[in-house]
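Residue numbers (this note's numbering): 1280 to 1547.
Right under this line is the structure:
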């Protein structure tokens, strides 16, 4: 899935809200682009996911400029004032809200299971504003890909939370190796750090993570029941998080003190 921003801009001239930029993100090929000023990263992110039309240039997904298809396939991650959880919420609260938005079970047990699978169980009660940047990126990206139809992410300015670029970059690389298309909007200093690092062979890592799916296709067909239950080692297993039928009573397990969760993000 190839997302391409070709000479896109918002406004014109040296004071344009979003100066012209070009970047490509593809399956196994992460995209990185640097923009500055307070508003430019948000504008670039909105343009990238088809939620804002650029003044010039084109945004395409696999060669098509269908903005609706782009919106359906890509999720914004940690975009200020648009898709940014409130820092005062705990990791568990953020996870519960996102599970509910994805149509999955969002009770206490399901939330705990997911956090354990993505390595954040010990941070269940940690406020998001106190979470190390790489863990924040991990949490929000893993939650975003749970949404139906989402195959790509636009991550906005992870460097603004501080920490080591190498640490949050490792999370991006892990997602890309799993076949998630990731475009990161960042600053020039962080981009320089990214470009100074070696680029992994994501395609090879992806093949390894899936256990050589092509080579094992015949065996999988012969044992379809096992194949249907198989889950990649690097992907959270959400089968137990699927929401129950609405005509059953087992819809929630949240005790009274957790029953009301504040919205985790603004979405304008």
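The C-beta atom is built at its ideal place from N, Cα and C for all residues, glycine as well.
Keep in mind it's a predicted model, so treat the numbers as computed, not measured.
Check: Spatial neighbours of residue 1446 in its chain, beta-carbon cut-off 8 Å, leaving aside the 5 residues before and after; Outcome: 1411, 1412 and 1413
Check: CB contact flag (residue 1481, residue 1449, <8 Å); Outcome: no
Check: Between the CA atoms of residue 1383 and residue 1503 - distance to the nearest angstrom; Outcome: Low confidence applies here, because residue 1503 scores a pLDDT of 44, under 50, leaving its location unreliable; read the following figure in that light. Cα to Cα, the separation comes out at about 25 Å.
Check: For residue 1461, the nearest candidate out of 1334, 1351, 1319 and 1356 (CA to CA); Outcome: 1356
Check: Residue 1296 - containing beta strand (DSSP E), residue span; Outcome: From DSSP, residue 1296 is part of no beta strand (DSSP E); its letter is neither H nor E.
Check: Buried/exposed call for residue 1386, threshold 16 Cβ in 10 Å; Outcome: buried
Check: Sufficient close CB pairs (3 or more, under 8 Å) joining the stretch 1402-1411 to the stretch 1333-1350; Outcome: no
Check: Start-to-end residues for the beta strand (DSSP E) that takes in residue 1285; Outcome: 1282-1289
Check: Rounded Cβ spacing between residue 1391 and residue 1438 (contact assumed at less than 8 Å); Outcome: Actually they are not in contact, since the Cβ atoms of residue 1391 and residue 1438 sit about 30 Å apart, beyond 8 Å.
Check: Same chain, Cβ closer than 7 Å to residue 1505, five either side skipped, listed in chain order; Outcome: With a pLDDT of only 46 at residue 1505, under the threshold of 50, the placement of this residue in the model should not be trusted, and no figure is reported.
Check: Same chain, Cβ closer than 8 Å to residue 1299, neighbours up to 5 away in sequence not counted; Outcome: 1286, 1287, 1288, 1335 and 1336
Check: Which of helix, strand or coil DSSP assigns to residue 1375; Outcome: helix
Check: Residue 1409 to residue 1350 span [Cα, whole Å]; Outcome: 30 Å
Check: Status (buried if at least 16 other CB within 10 Å, exposed otherwise) for residue 1431; Outcome: buried
Check: Spatially closest choice to residue 1308 from 1475, 1459, 1319 and 1441, by CA coordinates; Outcome: 1459
Check: Per DSSP, the bridge partner or partners of residue 1431; Outcome: 1353 and 1460
Check: Rounded distance between the beta-carbons of residue 1284 and residue 1326, thought under 8 Å; Outcome: 7 Å
Check: When 1364, 1393, 1293 and 1399 are compared against residue 1316, the one with the closest alpha-carbon; Outcome: 1293
Check: Residue burial classification, residue 1291 (beta-carbon count within 10 angstroms, cutoff 16); Outcome: exposed
Check: Beta-carbon proximity check, residue 1304 vs residue 1310, cutoff 8 Å; Outcome: yes
Check: Simplified DSSP state of residue 1314, which is helix, strand or coil; Outcome: coil
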